[in-house]
Each structure stands twice: as structure tokens, then as C-alpha cells.
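To keep things clear, I will list the structure first and then write my remarks on it.
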Amino acid sequence: MSSHSPAGAVVPEWLAVPDDPNDLVEPVWPAGAARDPRGVLTLGGIPATELRERFGTPLYVVDEDAVRARAREVLAAFREATARHGARARVYYAGKAFLSTEIVRWVREEGLAVDVATGGELAIALAAGADPFHLGMHGNNKSMAELEQAVSVGIGSVVLDSAIEIERLAAIAERRGVVQRVLVRVNSGVHAETHDFLATAHEDQKFGFPLQQAPEIVARIRELPSLEFMGLHCHIGSQIFGTAGFAESAARVIEVHAELLRGGDVPVLNLGGGFGIAYTRVDDPTPIAELADGIVDAVAGECAARGIPVPNLAFEPGRTIVGRAGVTLYEVGTVKPVQATAAVTRLYVSVDGGMSDNARPALYGADFSARIASRTSDAPPALARVVGRHCESGDIVVDAEYLPADVAPGDLLAVPATGAYCHSLSSNYNAVPRPPVVALRQGTARVIVRGETIDDLLARDMGVAAPNEVTE
Ligand SMILES: Cc1ncc(COP(=O)(O)O)c(C=O)c1O
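To convert a position in the sequence shown, counted from 1, into the working numbering, add 35.
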């Protein structure tokens, strides 16, 4: 079920008054989240108040044990589902969801490959010591420098996105005397929006090639000795809950895959990522093993119908690996009741972060939830909107939530399910330094990405006078 708020609703239809506005509902919170005897939220066994004292707020907290466990679970689900059909699965962690050298190490150690979308993401993966063979690169407009960098380090695969890029990459590989493995990104005409999927004949968007064009594109790649065609790649969207969209897309892509087999090997099919997580209590994501079985069975069914072998499959989950493992901690600065309509008053709870550390509500109208982390309260639930400190009225962190009515300045507020696309989409809007990232492992906490300082921001400003240049 979607938790997306209908535009303009004061209280979203899906938001019910909770029995207890202190509760931590599964599966929105990381598995280890609890309340200690004082009522303080604990994450990975560590009180949120201790994290505030040690690292300040706002603070991105990521539970390393949870990321690792989820990576293992997702890998096992896809491996088992494909093994049943005599094929192998490779799972790439989609680095765009949340990337740092530590996170690359965690997922690599758990057996995942990593997908990067820019030279910067590639640099982080390499700095983490990742074997380039286990990396893949995407992007609709990779620069020549990025393609050069990818080929020179021996990247495992490049996902081609345009005819121009085919020629560019072939020339680079030829000059370097190597054969670069490539996939071809196609649009299946199936795309997912807020848990529903749409199937169209054409897609008016920037990524990939229309499916009908794939045979011609692949024929060209096969003419080029410096490129090795591995297979098709198709990503239908994000935050998808069921298997129906993937199954429809797979059916369309397998038809072309079968056609391509007539001209040579097609060892792989990459079906992208997009597996949804719970952001609020009404989100009910399909268990990953069920999702994996549904998708792979659909692929296998399409292959059987065409009398072709099931190819090795690749997947690129991002959000489902890191999303639930992340919690952002904020401190409440001000609280004010606002008469939203004649009948509804809502508390505007302002925190010390906002759209600079979580752009998703402003960017996509995404819903989140929140709880007071520093205490529990017996006060009745009150309708609240958690807002940030930025100069934008759209600077909303949690659009609608019931919090204890006595929520007050100084309270520590926790927003769960912020592990994906929050740190990676963060900005310095209003010259706000980005928060640190703290990882929790086996009861310990450590900084894995340091927070920015005002000096970091000033350091890039070339108009700042050096001390000896200051004139009276
Ligand atoms: C090509 C591709 N693969 C994988 C992903 C990861 O998607 P998700 O984080 O929803 O699993 C994305 C997300 O935008 C993508 O564009």
C-alpha cells in the first residue's frame, strides 16, 4: 500500500492516530531499535542521547550490522531463486543510494558487486579497495574522462546508454588495447510510480534505448572488436512493492533477449533495482525472497515459453540494502501550533536539519515518520509536521505524523528509514554543513564520514581573504 499523501490533504488518509505515539513500528525502524528502561531510543544497543552527546545533531546513523545482514539476505534470495532455474545471480549494490568507502567494504565483504554512476562514485569504490572487476558503471552522459577512467582501471562492465557512447567507449578500449564488457540499457516501456506500474509502448525519458532499437544497437556493438556484448539492462523505477511490474518488464525484455541470442552469446540479463522499503507504518513491502522468486520465476517462464536457457541474472538494489538501516537524529528547536484549517491544528516542530540532509520530501513528496528519541511521553498524540531550518516553506522532513503533544525544544527527534538517498542527495543549502555519518557495529559507534564545518564551506570560496591579505 502506498503511504504517499494525496496532494493538499491536511491529514493524509493513510495516517491513523496511533495508540501509542512512542511506538517503534516494524519494519520502519532498524531491527535492533528499542527503548531502554528510561524510554530513550536505542539503536544497535546505544542510547540516542549518547549518540547526540558524542557526535551532535543532525546526525546520520547507519547500523552496519543491519546493512550487512540485509546484503546477505538479498544476495541469498536472488541466488537461491536463480539456482532453482540452473542460472546464477549477481547482485550489485546501487551505490547512488548511500556511498562511502566503508559501505563499499561492507557490501563487498558480504559478496555484493557495486554499481557506480559517476567518476566520483567510482573513485570512492576504488578508494575502498574494491576489485574493479566487481564494479559496473551506469549513466546517460558519462564523460570521456569517466569512460577513460573506467576502462583504464579494468571495470567489470559499462552499461551503454546512447549510440554516441558506443563509439566513444569502443575507441577508448581500442586505444588501450582492451576488450570492454558492456550491457545495453533498454526501456521496456514498463515503469513504476509510487507502487503502481504503468506499461506503455514508448517512454519519453532520458535513459537507455527503446527496446525495439536494441537489435540494431547490439549488432553495431558486435561489429566492434574492442567491445564485448554481455546482455541487456533494464531498470523500471524505484520503491516498487510487487512483482507484477518486474514480470511485465521481463516478458518484454526476454523477447528481445531471445532475438539477440540468434546473433551470438547473451550471457547476462540485468533487471536493475527498485525494491521498495517501508517508510511509514502502512507500507508493506513484499519480503525479498518472495520478490526474488516472483521475478526470477517470471523470467524463467518467459524463457521456457521461447525455448531458451535462463540467462545469468543481475540485480541492482540500493534502497532495500541501506534504507531501513539508517536513522537521522535531530534536535527540536521550536514548536508552534498552526491552525491548518478551521478544524485542524497542527504542531510545526522545527529541527536543526531539513531539506539539506533529507531532500526526498521536497523532491518527491516522500513520506517519513518520526518519534521523540530522548524520552517517552504520556501526552496524547498530536498532529505534527516536522520541518527543517531552511528558507523554503517546502523544507519538510516529515509531512504528517502524530507525536506526543508535549514535544518540546531540546527533545531529540529520530526519523527512521533514512539510510537511502538522504546522505547521497544532501546539499549545503543555506550554507549548512552536511552532518557526519556514524556507523553502529556490535554495540560501538564510529564516524565513517566526518561532518562538514563552516571552514570546509569557506575553504572553497575563493573570495575569502587569506589572513595576511586582510586590509584595515
Ligand atoms: C539503473 C539503476 N539501478 C539501480 C538503482 C537502484 O534503485 P533502488 O535504490 O530503488 O533499488 C537505480 C536507482 O535510481 C538505477 O537508476
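C-beta atoms are modelled at their ideal positions from N, C-alpha and C, and glycine is treated no differently.
Just the Cα atoms here: how many angstroms apart are residue i and residue j?
i      : j      : result
Phe310 : Cys269 : 14 Å
Ser428 : Asp71  : 36 Å
Arg469 : Arg105 : 26 Å
Leu448 : Asp491 : 27 Å
His425 : Ala405 : 19 Å
Ala208 : Glu202 : 10 Å
Ala339 : Val345 : 8 Å
Gly478 : Val484 : 19 Å
Ala508 : Asn465 : Only positions 36 to 507 of the chain appear in this structure, which leaves residue 508 out of reach.
Pro53  : Pro439 : 10 Å
Val219 : Ile356 : 25 Å
Arg103 : Glu145 : 6 Å
Arg255 : Asn305 : 20 Å
Ile252 : Arg216 : 15 Å
Val151 : Tyr127 : 9 Å
Gln374 : Thr380 : 4 Å
Val442 : Gly486 : 27 Å
Leu157 : Val97  : 22 Å
Glu183 : Lys177 : 10 Å
Gly79  : Asn222 : 41 Å
Arg73  : Leu170 : 46 Å
Arg87  : Ser461 : 20 Å
Leu398 : Arg297 : 44 Å
His120 : Arg210 : 40 Å
Phe232 : Pro167 : 34 Å
Leu50  : His292 : 44 Å
Arg341 : Glu290 : 8 Å
Val386 : Ala83  : 16 Å
Asp430 : Val422 : 6 Å
Asp496 : Pro352 : 37 Å
Val45  : Ala417 : 13 Å
Trp141 : Ala455 : 15 Å
So who's on the other strand from residue i, going by DSSP bridges?
i      : result
Ile407 : Leu448
Lys371 : Tyr383
Arg481 : Ala474
Arg216 : Glu263
Thr77  : Ala69 and Pro82
Arg420 : Tyr383
Ser192 : Gly171
Pro245 : Asn222
Asn305 : His268 and Ala349
Leu438 : Ala417
Gly361 : Val97
Glu366 : Leu447
Phe310 : Ile275
Phe232 : Ala227
Asp150 : Ala129 and Gly171
Ile431 : Val422
Apart from the five residues on each side of it in sequence, which residues of its chain come closer than 6 Å, Cβ to Cβ, to residue i?
i      : result
Leu493 : Val499
Val482 : Pro471 and Val473
Glu436 : Ser404, Ala405 and Ala419
Ala286 : Glu337
Met390 : Ala397, Gly423, His425 and Asp430
Leu262 : Ala205, Gln215, Val217 and Ile256
For residue i, which residues in the same chain have their Cβ closer than 7 Å to its Cβ, ignoring the five residues on either side in sequence?
i      : result
Thr153 : Gly174 and Glu181
Ala31  : The first residue shown for the chain is 36 and the last is 507, placing residue 31 beyond what the model contains.
Phe276 : His230, Gly311, Pro320 and Thr321
Thr136 : Ile159, Ala162 and Ala163
Arg107 : Glu145
Gly224 : Ala234, Thr235, Ala236, His237, Glu238, Leu246 and Arg287
Among the residues of its own chain, which have a CB less than 8 Å from the CB of residue i, if the five just before and after it don't count?
i      : result
Met172 : Asp150, Val151, Ala152, Leu157, Glu181, Ala185, Ile190, Ser192, Val193 and Val194
Leu348 : Phe113, Thr117, Ala122, Arg123, Ala124, Arg125, Val303, Leu304, Asn305, Leu306, Val331 and Val334
Asn57  : Arg70, Gly74, Arg406, Ile407, Thr411, Ser412 and Pro439
Nearer than 6 Å: is that true of the beta carbon of residue i relative to any heavy atom of ligand 2?
i      : result
Arg406 : Ligands displayed in this structure: ligand 1; ligand 2 is not among them.
Cβ pair count under 8 Å reaching 3, the region 327–339 against the region 282–298: yes
3-residue-minimum beta strand (DSSP E) runs that sit fully inside the region 81–138, ordered along the chain: 94–98 and 124–129
Whole runs of the beta strand (DSSP E) within the region 315–359, excluding any shorter than 3 residues: 347–350
Cβ contact check for the region 356–367 and the region 60–67: 3 or more pairs under 8 Å: yes
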